[in-house]
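Report on the structure given below.
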Amino acid sequence: MKTKIKMAVGIVLATFTLSACAQKQESSVKDMLKDPSQQDEILTLMVEDHDLGKKYITKMMDNDHATGMMVDELVNAAANDTILAGKLSDMISRYPDLMLLTTHHFMPVIANDSLLSDTFCDHTLEHKDLEKAMHNKMEYKKSMEKNH
0 MKTKIKMAVG
10 IVLATFTLSA
20 CAQKQESSVK
30 DMLKDPSQQD
40 EILTLMVEDH
50 DLGKKYITKM
60 MDNDHATGMM
70 VDELVNAAAN
80 DTILAGKLSD
90 MISRYPDLML
100 LTTHHFMPVI
110 ANDSLLSDTF
120 CDHTLEHKDL
130 EKAMHNKMEY
140 KKSMEKNH
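Counting in numbering that gives the first Met the number 0, the sequence shown runs from 0 upward without gaps.
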């Protein structure tokens, strides 16, 4: 009986000790994140560890505010870095539906700016197949309007 009581007391003490350690560790992580050098060390670890980085990105993608921040930073960085802009364009071009959606959203902006419109037309004319397709589409549209 005494052995059972001692064992029960031991288990209770061990549980309290582990619980206290867990609580202490949790608050120390919060304290650690207050230190800018520790923040940098943690962020560097997350960036350099592929699996941890993926988990962090997944967590951010589940949060509208964080997703908006990532998109803002990516677009701002791409606006100032032609290599990054090229990578972003290459990535978007792998998803034709996204590419068309993006183009659709840009059209009103391009149409309302004469320089953008002129540049867009120049880029379109650089691609003979696209130029021909647009010409045929406009001619078809004109013929349909005449018939109605």
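Where a beta carbon is used, it is the ideal one built from N, C-alpha and C, also for glycine.
- In this chain, the alpha helix (DSSP H) harbouring Y139 covers 127-146.
- Rounded to the nearest whole angstrom, the CA to CA distance from K54 to L100 is 28 Å.
- By the criterion of a C-beta distance shorter than 8 Å, T123 is surrounded in its chain by L129, E130, M133, once the five residues flanking it on both sides are discounted.
- In the three-state scheme derived from DSSP, where H, G and I count as helix and E and B as strand, D50 is classed as helix.
- Distance from I91 to L97 at the Cβ level is roughly 6 Å; contact confirmed, criterion being Cβ atoms closer than 8 Å.
- Rounded to whole angstroms, the Cβ separation of G52 and M60 is 12 Å, and the two are not in contact under 8 Å.
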